[in-house]
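One structure is given below, encoded as structure tokens.
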Amino acid sequence: MKLSFSKRFIKQAKTLDSVTKKLLHTVLEEAEEANRVEEIGNCMKMSGYKQVYRIRISDHRAIFILRTASSLFFQYIVSRGEAYGKKYRELLKGE
0 MKLSFSKRFI KQAKTLDSVT KKLLHTVLEE AEEANRVEEI GNCMKMSGYK
50 QVYRIRISDH RAIFILRTAS SLFFQYIVSR GEAYGKKYRE LLKGE
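So for the sequence shown, numbering that gives the first Met the number 0 puts the first residue at 0; every next one is plus one.
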């Protein structure tokens, strides 16, 4: 699959600890090699949204939008507690 990233995602990924960065790298490689979103491990569709999914990476969540059948747009990566808060839900409006 083709991957693209928001500026927010890139900035947040740079602040992660080294262990989480390695896990993120592994997950992104897996997503790139996948043919369908269902083939990505620890990936679940978020309720209330049509094309929004999340991937669990230790105590962080990477939120992405399925743009087309073969294109993913990673919106943000934050700790589990922040991932579902009002601030980040606003970013996903209309998705």
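Just so it is clear, CB atoms sit at the ideal spot from N, CA and C, and this is done for glycine as well.
So residue i is in the alpha helix (DSSP H); what residue range does that whole segment cover?
| i | result |
| --- | --- |
| Y83 | Unbroken run through Y83: none, as it is neither H nor E. |
Please state whether DSSP places residue i in a helix, a strand or coil.
| i | result |
| --- | --- |
| R35 | coil |
| S70 | strand |
| S17 | helix |
| L91 | coil |
Spatial neighbours of residue i within its chain, please: C-beta separation below 7 Å, excluding the five flanking residues on both sides.
| i | result |
| --- | --- |
| V36 | C42, Y52, L65 |
| E29 | I39, G40 |
Can you tell me where the beta strand (DSSP E) with residue i in it begins and where it stops?
| i | result |
| --- | --- |
| M45 | Element bounds for M45: n/a, residue is neither H nor E. |
Taking C-beta to C-beta, are residue i and residue j nearer than 9 Å?
| i | j | result |
| --- | --- | --- |
| D58 | R79 | yes |
| Y48 | L91 | yes |
| A82 | I62 | yes |
| F73 | S5 | yes |
Using a Cβ-Cβ cutoff of less than 8 Å, which residues in the same chain neighbour residue i once the five nearest sequence positions on both sides are dropped?
| i | result |
| --- | --- |
| I76 | F8, Q11, A12, L15, L23, I56, H59, R60, A61, I62 |
To the nearest whole angstrom, what separates the beta carbons of residue i and residue j, a pair I think is in contact under 8 Å?
| i | j | result |
| --- | --- | --- |
| S70 | K1 | 5 Å |
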